[in-house]
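A.B. asks:
Protein chains: 2
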Amino acid sequence: MTSKQPIGLLDSGFGGLTVASEVLRQLPQENILYVGDNLRCPYGSREPDEVKRYLFQIMDFLAEQGVKMIIIACNTATAAGLEEARTRYKIPVLGVITPGSRAAISATQSERVGVIGTDVTIQSDSYRREIHRLNPRLYVVNQSCPPFVQLVEEDRTEAPEAHPLVASYLAPLQQEGIDTLILGCTHYPLLAPLIGEVMGEGVKLISSAEETAREASTILQLKHLLNADNPAPQHRFFTTGDADYFQRVGSRWLKREIDVTGIVLGP
Amino acid sequence: MTSKQPIGLLDSGFGGLTVASEVLRQLPQENILYVGDNLRCPYGSREPDEVKRYLFQIMDFLAEQGVKMIIIACNTATAAGLEEARTRYKIPVLGVITPGSRAAISATQSERVGVIGTDVTIQSDSYRREIHRLNPRLYVVNQSCPPFVQLVEEDRTEAPEAHPLVASYLAPLQQEGIDTLILGCTHYPLLAPLIGEVMGEGVKLISSAEETAREASTILQLKHLLNADNPAPQHRFFTTGDADYFQRVGSRWLKREIDVTGIVLGP
């Protein structure tokens, strides 16, 4: 394995671009490959075994492309399959739940933390377990917010219905006295302005994106796999959905023109 | 090696307690051993080879105590000896410069970053090199602030002379348009209120402490060395200086009563 090989990232759709964006910002010399499984998005209300099957299809694809590390930039897929993925692949595999947990532990002062995510993520209770493994003293409250992913995938975060929808799902958390809220889905940072407005200034929002990129940097460095001399990095994007739509939305999200190739995975 | 073994931390004096404090907060189940070389503090204006000799004396002591990881919670000692330390000891050795660099890369929006530290740290240019290894686009400006350590060690951070002294050393940085300032010495977080006042609200202060604890967490987890079941952790402190003074000042810094043992190292 060499440092010149790309980092692979994957998500059910666009959400993982929040992580890709941080990787590009914090590690601008890395080559990356990104797969969005937009055709089968959202993952969040599927059976965990189905999500795992999709995850391994994408990881096989990335492994064939010769990536040096895979970042599962999707909370649902991390919750469903990270542990098994680590035994199946020889390269380092990073999820988003552990970095997000660590960031929340570091951020909270009141030791009361909220987590929002998809059904699969929340039902797995992965964040609570991960947080308690590190710090059992923290109070952790979960809230499932299934429709949020669709709001983002369909580019409706500024639509009139978005605010009341977000507010209704967050209402149960407002009584919990939390000072930190984990955005436990890589799509949610796109809703951060709305979520912040509903939760108020006293609640710090934790996006896994920034933390995951930082943790990727730590691990690559530890394994002597950081790409430290690459003035013209290559970034390639793949989608199981409509390549033109991905190109349009993805370029806007990443604030740069991206190349997108359609791929078929499955069944 | 087992997860039950303690984490070793060291510093020229009290400064590393800012890192110890974050380790205790983020990883409350870890046993720790801390060595403060108060007798020979400050390190910052000594010859790098002398600092390195002191560093290895302390690391030998910690290794004999059976630590599972050593955190060099001192920027000066990290700058002088981290690389060589990694080849001398078989356990993971973590410095404070890489975590601080990563945090600054993550924090800056303007891509203009300042670094303050001791003479040894600043002359080593370690922060700039580390930052540029990850992201060569960042502008990094260094400023040596030798007397700051003494202010902290002598408990004079609120003395009337502290503000003008801090302001005079930071003056050159105020023209640099930085939005992020690395407190490149583990003593400096104790001066953060003053430094923040001088630099203004637009400049984010980066303490290595929080980041180093988080990176320790990442690395321990990666190596399956996290202590995940330790309801009554042990924390032991050693100083080459006056044990009673260390006990008094250290307990106040850590907001808990600590046990301190005097030790002799050297020459």
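For the protein sequence lines, the chains are A and B, in the order given.
Residue numbers for the first sequence follow full-length UniProt numbering, beginning at 1 and rising by one.
Residue numbers for the second sequence follow full-length UniProt numbering, beginning at 1 and rising by one.
For every residue, glycine included, the Cβ atom is placed at its ideal position computed from N, Cα and C.
How close, in whole Å, do the beta carbons of residue 188(B) and residue 148(B) come, if the pair is a contact with beta carbons under 8 Å?
C.D. replies: Right, their Cβ atoms sit about 6 Å apart.
A.B. asks: Chain A partners of residue 26(B), CB-CB under 8 Å?
C.D. replies: Within chain A, the residues near residue 26(B) are 102, 105, 106, 134 and 135.
A.B. asks: So that I know if they touch, is there some Cβ in chain A lying closer than 8 Å to that of residue 217(B)?
C.D. replies: Closer than 8 Å to some Cβ of chain A, the Cβ of residue 217(B) qualifies, so yes.
A.B. asks: Output, in sequence order along the chain, the residues in the segment 197-221 of chain A whose CB is closer than 9 Å to any CB in chain B.
C.D. replies: Correct list: 210, 211, 213, 214, 215, 217, 218, 219 and 221.
A.B. asks: When the Cα atoms are used, what is the spatial distance from residue 242(B) to residue 178(B)?
C.D. replies: Rounded to the nearest angstrom, the two C-alpha atoms are 40 Å apart.
A.B. asks: What does residue 228(B) reach in chain A if we use C-beta pairs closer than 7 Å?
C.D. replies: Residues of chain A passing the Cβ test: 133.
A.B. asks: Starting from residue 191(A), trace the beta strand (DSSP E) both ways and give me its first and last residue.
C.D. replies: It is not in any beta strand (DSSP E) - residue 191(A) carries neither H nor E in the DSSP assignment.
A.B. asks: Assuming residue 203(A) and residue 181(A) are in contact, meaning their beta carbons sit under 8 Å apart, how far apart are those beta carbons, in whole angstroms?
C.D. replies: About 5 Å; that satisfies the 8 Å criterion.
A.B. asks: Identify every residue that forms a DSSP beta bridge with residue 261(B).
C.D. replies: The partner list for residue 261(B) (beta bridge, DSSP) reads 238(B).
A.B. asks: Under 8 Å: do the segment 207-224 of chain B and the segment 95-113 of chain A share three or more Cβ pairs, one atom per stretch?
C.D. replies: A contact exists between the segment 207-224 of chain B and the segment 95-113 of chain A.
A.B. asks: Within a Cβ cutoff of 6 Å, which residues of the same chain sit near residue 31(A), ignoring the five residues on either side of it in sequence?
C.D. replies: Cβ within range, chain order: 6, 233 and 234.
A.B. asks: Let me know the secondary structure DSSP gives residue 178(A) once reduced to three states.
C.D. replies: Correct three-state label for residue 178(A): coil.
A.B. asks: Roughly how many whole angstroms lie between the Cα atoms of residue 8(B) and residue 248(B)?
C.D. replies: Whole-angstrom Cα-Cα distance: 21 Å.
A.B. asks: Could you say which of 2(A), 58(A), 25(A) and 26(A) lies nearest to residue 237(A) if we only look at CA atoms?
C.D. replies: Answer by Cα proximity: 58(A).
A.B. asks: Shortest alpha-carbon distance to residue 116(A) belongs to which of 138(A), 103(A) and 75(A)?
C.D. replies: For the residues 138(A), 103(A) and 75(A), the minimum Cα distance to residue 116(A) belongs to 75(A).
A.B. asks: I'd like to confirm the pairing. Which residues does DSSP put opposite residue 139(A) in its beta bridges?
C.D. replies: Note: residue 139(A) sits in a beta bridge opposite 112(A).
A.B. asks: Mapping the DSSP letters down to three states, classify residue 35(A) as helix, strand or coil.
C.D. replies: Strand.
A.B. asks: Give me the Cα-Cα distance between residue 2(A) and residue 68(A), rounded to the nearest whole angstrom.
C.D. replies: Approximately 7 Å, taken between the alpha carbons.
A.B. asks: Run the proximity test for residue 23(B): is its beta-carbon closer than 7 Å to any non-hydrogen atom belonging to the ligand NAD?
C.D. replies: Absence of the ligand NAD from the depicted structure is noted, as is the absence of any ligand whatsoever, leaving it without description.
A.B. asks: If you draw a straight line from the alpha carbon of residue 46(A) to that of residue 16(B), how long is it in whole angstroms?
C.D. replies: In a straight line, the C-alpha of residue 46(A) is about 48 Å away from that of residue 16(B).
A.B. asks: Just the Cα atoms here: how many angstroms apart are residue 35(A) and residue 195(A)?
C.D. replies: So the alpha carbons of these two residues sit roughly 27 Å apart.
A.B. asks: My assumption, with CB atoms under 8 Å, is that residue 22(B) sits in contact with residue 210(B). Please give the rounded CB distance.
C.D. replies: Going by Cβ atoms, the distance from residue 22(B) to residue 210(B) rounds to 5 Å, so yes, they are a contact pair.
A.B. asks: Tell me whether the beta-carbon of residue 113(B) lies closer than 8 Å to the beta-carbon of residue 138(B).
C.D. replies: Cβ atoms of residue 113(B) and residue 138(B): closer than 8 Å.
A.B. asks: Classify residue 244(A) as buried or exposed, calling it buried when 16 or more other Cβ atoms lie within 10 Å of its own Cβ.
C.D. replies: By the 10 Å Cβ count, residue 244(A) comes out exposed.
A.B. asks: Starting from residue 204(A), follow its DSSP beta bridges and name the residues at the other end.
C.D. replies: The partner list for residue 204(A) (beta bridge, DSSP) reads 180(A).
A.B. asks: Note down, in chain order, each residue of its chain lying with its Cβ closer than 7 Å to the Cβ of residue 259(A), except the 5 sequence neighbours on either side.
C.D. replies: Taken in chain order, the residues that qualify are 236 and 237.
A.B. asks: Measuring CA to CA, which of 33(B), 41(B) and 72(B) is closest to residue 65(B)?
C.D. replies: Answer by Cα proximity: 33(B).
A.B. asks: Starting from the C-beta of residue 92(B), find all residues in its chain whose C-beta is less than 7 Å away, skip the five residues before and the five after it, and write them out in chain order.
C.D. replies: Cβ neighbours of residue 92(B) beyond the five flanking positions: 69, 219 and 223.
A.B. asks: If you draw a straight line from the alpha carbon of residue 13(A) to that of residue 157(A), how long is it in whole angstroms?
C.D. replies: If I take the Cα positions, the gap works out to 16 Å.
A.B. asks: Do residue 239(B) and residue 19(B) come within 8 Å of each other at the CB atom, strictly closer than that value?
C.D. replies: The answer is no: Cβ separation not under 8 Å.
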